[in-house]
Amino acid sequence: MPEAVRAVLVVPCYNEAKRFQQQPFAEALRANPGLGLLFVNDGSRDGTDSVLQNFVNQHTEQTALYSLPENQGKAEA
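Counting from 0, one number per residue, gives the positions in the sequence shown under numbering that gives the first Met the number 0.
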């Protein structure tokens, strides 16, 4: 994420492939250019990583993805 990002929201995700809705996150990024989103994929096994990577690829300036190899719980994410 570039230096223009002033605040980063960490979004822990576990098996969210069917529930992840891009629109609210995209709108938040458009409305807040200083906002960054760090998605943490907590060992999902349902394709969440691909869904999140697709979103991150569309919003490279304000997003990042970190994937844990196995589920460790939202507190660890």
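Think of the CB as a built atom: it goes at the ideal place given N, C-alpha and C, for glycine as much as any other residue.
To the nearest angstrom, report how far apart residue i and residue j are at their CA atoms.
{"i": "F19", "j": "R5", "result": "24 Å"}
{"i": "E26", "j": "E69", "result": "30 Å"}
{"i": "D45", "j": "V39", "result": "15 Å"}
{"i": "F24", "j": "C12", "result": "13 Å"}
{"i": "L74", "j": "V7", "result": "In the sequence as displayed, the identity of residue 74 is Ala instead of Leu. Their Cα atoms are separated by approximately 17 Å."}
{"i": "S66", "j": "N56", "result": "15 Å"}
{"i": "N31", "j": "V9", "result": "15 Å"}
{"i": "E60", "j": "A3", "result": "9 Å"}
Return the residue from the list the options that minimises the CA-CA distance to residue i.
{"i": "Q71", "options": "T47, E26, G42 and L64", "result": "G42"}
{"i": "Q22", "options": "K73, V9 and V50", "result": "V50"}
{"i": "H58", "options": "K17, C12, L34 and P11", "result": "L34"}
{"i": "L28", "options": "L67, S66 and F54", "result": "F54"}
Is it true that the CB of residue j sits closer than 8 Å to the CB of residue i?
{"i": "T47", "j": "N14", "result": "yes"}
{"i": "L64", "j": "Q52", "result": "yes"}
Whole runs of the alpha helix (DSSP H) within the region 34-65, excluding any shorter than 4 residues: As far as the region 34-65 is concerned, its whole alpha helix (DSSP H) runs of at least 4 residues are 47-57.
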